[in-house]
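Read the structure below first, then the notes.
In our numbering, the protein residues as written are 12 to 79.
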């Protein structure tokens, strides 16, 4: 039988207003804040591996949306 690798946890600090906003978004998606943030971190790492800058991606999306 294969042993499951235990994944550790770390704490980090963030601005309260940003975390409050993340909590609201997580609740809208019926996710825990823990699950939502882990998903977010995974997607940012994927984007980074592809050479995608998240800030530039979102800025471009806003420009496209405004142009419609």
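Note that CB positions come from ideal geometry on N, CA and C, so glycine has one too. Treat the numbers as computed from the prediction; the structure is a model and nothing was measured.
- Where residue 71 is concerned, the enclosing alpha helix (DSSP H) starts and stops at 65-78.
- Between the C-alpha atoms of residue 32 and residue 18 there is a straight-line separation of about 26 Å.
- In the three-state DSSP reduction, residue 29 falls in the helix class (H, G or I).
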